[in-house]
Structures are given as structure tokens and as C-alpha cells.
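Colleague: Pasting a structure below so you can have a look.
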Amino acid sequence: MIEILNATELVRARGAGALVGTILQTMRERSVVGTNLLDIDRWTKAMIVDAGAESCYVDYAPSFGRGPFGHYICTAVNDAVLHGMPHDYRLADGDLLTLDLAVSLDGIAADSAISFVVGDSRPAESVALIDTTERALRAGIAVARPGARIGDISDAIGTVLSADGYPINVEFGGHGIGSTMHQDPHVPNTGRPGRGYKLRPGLLLALEPWVMSDTDELVTDADGWTLRSVTGCRTAHSEHTIAITEDGAEILTLPRPA
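Going by full-length UniProt numbering, the sequence shown opens with residue 1, and the numbers climb by one from there.
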């Protein structure tokens, strides 16, 4: 299903996006050395509930997972990159943490992810991974406009990832979003320009470049959810939900101004 939102629905989408961005910013500020991943999940739940919103994750049970996810935010550390299930782990200096969050507010969902290094250490490999995914995300957003095609976004993202020497996994990528978290069209992180669905005003897309430093293969943890690099290498993931407008793209998942 591909949804095209009207003006009223777009206003609600902005509210959902701002909530997601604000929660992620708050959790980033609270994620210091010694913070427990389960505390991040608990704090996220509280902010979602206080806002009158709903988690897109807690009851999420797709075919590739093992039953309902059961948590409110994905917390992926170091070699984990997608669907990181919160567990009893305290963050250490130099950990590369990815937080991925999707929330529904007033019937519209928004989805975003950030990667950052915890503490004072700045491992060069981790910094490079994060920088690449953030630049790839900006490149994808820059070409998203009415009349462009999904392949144009995929090509823009993939060009940045490949130029920096990272293998690209196409099993998981970006997606349409609206009244539900995951919708068509699928947005691979590499592709051919001029191909695929033509973008229209009112379309919401969650763009999410992610990479692993030396592989494109994933392995699933015993929890049935957390996806890690098969080699144990570090990973990073950046994501925004955008709305296609009459003259380009609007980023919805920025935090509310202080």
C-alpha cells in the first residue's frame, strides 16, 4: 500500500515526526557511560505515553522477528545495526550506539534513527561510519522531489556509501510510511536512477542508509531480533522521515526547538 497524505494529515505527520526527533535527542543526551539500555527503553516509553502517542514497536511482530518486539526503542551497540533489542547492558566509553524509534501520534507514524559514540572516546572507524551514513541520508533527501523516482534516491544514497568503500546490504532499507510504520515503496540503499515509483506531494518516506565496515552480511542474535554484522565489525545507521512537498522534501523527524 502507498498512501498519499492530504494537508490535514501532513500537519499530524509533522507532530509525530517532531515527537520522534525530540525523544531521540533526549535519549542521546541521557546515553552516557554507565547508562543501561533498559533505562533508555523505560525513558522512551514514558515520553511516548506522556505525549499520548503509541509505540510502533512494542507489539510489532513481522515474519522476520520472533514474536512481538516487546520494547519501545531499538538499541544497537557496536556490531549490532538493526532491530537492536534493549537488554541489561551498561554503555561503555567508545561504544557506538544506534537508537531507532518509530511512534504513531494522531494516527500517523514517523520513524528515525541516529548513531553516535558514547563517552569521550572518538574511534576513527566509528566516526567515519556515522559520517558516511549521515552524508548519504542528506544526499537522498536532496534529490527527493515531485517527479523524481525511488531509484534516484537509492542511487544518491548508494553513491555516497560506495564511494567511501562500504559494502551495501539491500535486504533492509527505507520505506513508505503513513498510517502504519512500514509501507510501500521499498527504498533500497543503492539503485539505478530513473527507475521505480514516481514521487508525489503528500508521500511520506523513511530513508535509512546503514552500513557495516567490512561486510554486507547480517546474523541474527539469539533474541530473534537483533541484527549484527557477521564479522563483528562496527556499524552505523541514520534515518529521517520526510514528506514530499510541491517543491522538494521536508524533514519531519527533527527535534522540537528548545
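Where is the CB? At the ideal position from N, CA and C, for every residue including glycine.
Count Cβ pairs between the stretch 196-210 and the stretch 62-71 that sit closer than 8 Å; are there 3 or more?
Modeller: No: the two stretches stay apart, fewer than three of their Cβ pairs being nearer than 8 Å.
Colleague: Among 110, 95, 36 and 94, whose alpha-carbon lies nearest the alpha-carbon of residue 101?
Modeller: Taking the sequence shown and counting its residues from 1, one reaches residue 101 at position 101. Residue 101 has its Cα closest to that of 110, out of 110, 95, 36 and 94.
Colleague: In chain order, what are the residue ranges of uninterrupted beta strand (DSSP E) at least 3 long that sit wholly in the stretch 144-230?
Modeller: The stretch 144-230 contains these whole beta strand (DSSP E) runs: 174-176, 183-187, 204-207, 210-212, 218-220 and 227-229.
Colleague: When you compare only the Cα positions, how much space is there between residue 116 and residue 86?
Modeller: Within the sequence shown, numbered from 1, the residue matching residue 116 stands at position 116. Within the sequence shown, numbered from 1, the residue matching residue 86 stands at position 86. Between residue 116 and residue 86, the C-alpha separation is close to 17 Å.
Colleague: By the three-class DSSP mapping on this structure, what secondary structure does residue 132 have?
Modeller: Within the sequence shown, the letter at position 132 stands for residue 132. Here residue 132 sits in helix by DSSP.
Colleague: In chain order, what residues of the same chain lie with their CB nearer than 8 Å to the CB of residue 139, ignoring the 5 residues before and after it?
Modeller: Here residue 139 refers to the residue found at position 139 when the sequence shown is read from its first residue. Hits under 8 Å: 156, 157, 159 and 160.
Colleague: Quick check on the DSSP output: the beta strand (DSSP E) that includes residue 248 runs from which residue to which?
Modeller: Here residue 248 refers to the residue found at position 248 when the sequence shown is read from its first residue. Element bounds for residue 248: 248-251.
Colleague: Using only CA atoms, which one of 20, 80, 33 and 154 lies nearest to residue 51?
Modeller: Translated into the one-based positions of the sequence shown, residue 51 becomes position 51. For the residues 20, 80, 33 and 154, the minimum Cα distance to residue 51 belongs to 20.
Colleague: Residue 259: which of 15, 43, 38 and 14 sits nearest, CA to CA?
Modeller: What is shown of the chain runs 1 to 258, which leaves residue 259 out entirely.
Colleague: Are the beta-carbon atoms of residue 118 and residue 95 separated by less than 7 Å?
Modeller: For this step, residue 118 is matched to residue 118 along the sequence shown. For this step, residue 95 is matched to residue 95 along the sequence shown. The answer is yes: Cβ separation under 7 Å.
Colleague: Decide yes or no for the touch test of the stretch 193-202 against the stretch 224-236: beta carbon pairs closer than 8 Å, at least 3 of them.
Modeller: Because the criterion of three Cβ pairs below 8 Å is not met, the stretch 193-202 and the stretch 224-236 do not touch.
Colleague: List the DSSP bridge partners of residue 101.
Modeller: Along the sequence shown, read from residue 1 onward, the residue named residue 101 stands at position 101. According to DSSP, residue 101 bridges with 112.
Colleague: Taking 7 Å as the CB-CB limit, is residue 204 close to chain D?
Modeller: Among the chains of the structure shown, chain D does not appear; only one protein chain is present.
Colleague: Note down the Cα distance separating residue 132 from residue 106, rounded to an integer number of angstroms.
Modeller: In the sequence shown, residue 132 corresponds to position 132, counting from 1. In the sequence shown, residue 106 corresponds to position 106, counting from 1. Their backbone Cα atoms lie some 34 Å apart in a straight line.
Colleague: Within 10 angstroms of its Cβ, does residue 6 collect 16 or more other Cβ (buried), or is it exposed?
Modeller: Locating residue 6 in the sequence shown gives position 6, where the first residue counts as 1. Label assigned to residue 6: exposed.
Colleague: Let me check understanding here. Comparing Cα to Cα, which of 16, 4, 201 and 250 lies closest to residue 108?
Modeller: Within the sequence shown, the letter at position 108 stands for residue 108. Closest option to residue 108, Cα to Cα, is 16.
Colleague: Less than 7 Å between the beta carbons of residue 249 and residue 10, yes or no?
Modeller: Translated into the one-based positions of the sequence shown, residue 249 becomes position 249. Translated into the one-based positions of the sequence shown, residue 10 becomes position 10. Taking 7 Å as the Cβ cut-off, residue 249 and residue 10 do not qualify as a contacting pair.
Colleague: Of the residues 153, 33 and 169, which one's Cα is nearest the Cα of residue 176?
Modeller: Residue 176 sits at position 176 when you count from the first residue of the sequence shown. Among 153, 33 and 169, the Cα nearest to that of residue 176 is on 153.
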